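Colleague: With the working numbering applied, the sequence shown covers 151 to 441.
Right, I'll just put the structure down here and ask away after.
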Amino acid sequence: MTGNWGRWGVDDEAGALNLVTPEVTRRALGLVRSGRTLSLTQPLGPATPGPPHRNPPSRFMDRGAGDYVLGARTPGGFRFAEDTVQFATHSGTHLDALAHAWSGDELYNGHPQAGTRSTRGAARLGADKLVPVLTRGILVDAVAAAGGPLPPSAPVGVGDLERGIREAGVTVEPGDAVLVRTGWIESHGAAGDYFADEPGITEDAARWLAEHDVAVVGADNYAVEQQSATPGFPAHLVLLHQHGVPLLENVVLAELAGALADQGRSTFALLLAPIPLVGSTGSPVAPVAVL
């Protein structure tokens, strides 16, 4: 298998997140000017758009609505509430673990796919192996280049990435996170077809990003990659399976794009801290851009 298999040892489960070294983090901190923080996260609730095969998030109120003092019910006493929220780990803004997608009988780095089962989760490459990172983010704003949100199934190819990076006045360096704004959340976030015919990166674009040693690739849609009449997820296989690059999906990028445009820049410090859900194939995440 080509790609990053064996690059960080036969037991590696962090993949391209290994590229976010202390030096890369220090470089990212140097991008902070005003200290302004922006959440890049979709609100997660029953109205969060999602595919029909996943149940929307639901909430159950476990305790509350009473008055309690040291376990005794007393009028006017201490009040509290507790709830349980259930949702698919690939709901809203989330990071795909490396156990999420593969071909053949092996996961990324040669780990056996037989260890990924519904009863016990992923024995290897689960979300608990997604280490927190602070790295440089590069925004490729395809919306600004096109003059509006991309149409359904529009490809974001190598030329689009190269142009966006060139216009940003930077070069992709190892450990970077590249986020692609397609405008899909803005144009289809409240539509019933949010999970169909998404614009996104092509297989060749995914390979270009992997060859430039990016640590994370994300976009403002569910798949990150282009969805069309051709079935399959080739960019997932290139990034997750071959190169160990986690995918950051459903990232909210419109406000960030505006703030960066106002400052005449396309780079920012990106803080990404997945929930270490043991054996999960993905983790909800609340990425933060620091300007």
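Don't be surprised by glycine CBs; every beta carbon is placed ideally from N, CA and C.
A quick note: this is a predicted structure, and the numbers were derived from the prediction, not measured.
Could you tell me the distance, in whole angstroms, from the CA atom of Gly314 to the CA atom of Leu167?
Modeller: The alpha-carbon atoms of Gly314 and Leu167 are separated by roughly 23 Å.
Colleague: Starting from the C-beta of Val435, find all residues in its chain whose C-beta is less than 8 Å away, skip the five residues before and the five after it, and write them out in chain order.
Modeller: These residues qualify, in order along the chain: Thr191, Thr243, His244, Leu245, Leu398, Leu422, Ala423, Pro424 and Ile425.
Colleague: If we ignore side chains and look at the alpha-carbon of each, how far apart do Gly319 and Asn371 end up?
Modeller: Distance between the alpha carbons of Gly319 and Asn371: 25 Å.
Colleague: Put Ile351 into one of helix, strand or coil per three-state DSSP.
Modeller: Here Ile351 sits in strand by DSSP.
Colleague: Taking only the alpha-carbon atoms, compute the straight-line gap between Gly165 and Ala295 and give it to the nearest angstrom.
Modeller: Cα to Cα, Gly165 sits roughly 32 Å from Ala295.
Colleague: I'd like to check one pair, Val374 with Gly350: are the Cβ atoms closer than 8 Å?
Modeller: Closer than 8 Å, so yes.
Colleague: Are there three or more Cβ pairs, one per stretch, closer than 8 Å when the segment 166-183 is compared with the segment 193-212?
Modeller: Touching, no, given that fewer than three Cβ pairs across the two stretches are closer than 8 Å.
Colleague: By the three-class DSSP mapping on this structure, what secondary structure does Ala249 have?
Modeller: In the structure shown, Ala249 sits in coil (DSSP, three-state: anything other than H, G, I, E or B).
Colleague: Once DSSP output is grouped into helix, strand and coil, what is the label at Ser337?
Modeller: Here Ser337 sits in helix by DSSP.
Colleague: I believe Leu289 touches Ala247 by the beta-carbon criterion, under 8 Å. Please report the beta-carbon distance rounded to the nearest angstrom.
Modeller: In fact, because the Cβ distance is near 24 Å, the residues do not count as touching under 8 Å.
Colleague: Are the C-beta of Pro199 and some C-beta of chain C separated by less than 8 Å?
Modeller: Protein chains in the displayed structure number just one, and chain C is not present.
Colleague: Going by other Cβ atoms of all chains shown within 10 Å of its Cβ, with 16 needed for buried, is Glu348 buried or exposed?
Modeller: Label assigned to Glu348: buried.
Colleague: How about Gly443 and Asn259: are their beta carbons less than 8 Å apart?
Modeller: Coverage of the chain is limited to positions 151 through 441, which leaves residue 443 absent and any answer about it impossible.
Colleague: Determine the extent of the beta strand (DSSP E) in which Pro434 is found, giving its start and end residues.
Modeller: Element bounds for Pro434: Gly432 to Pro434.
Colleague: Leaving aside the five residues before and after Asp455 along the sequence, list all residues of the same chain whose C-beta is less than 6 Å from its C-beta, in chain order.
Modeller: Because the chain spans 151 through 441 in this model, residue 455 falls outside it and cannot be assessed.
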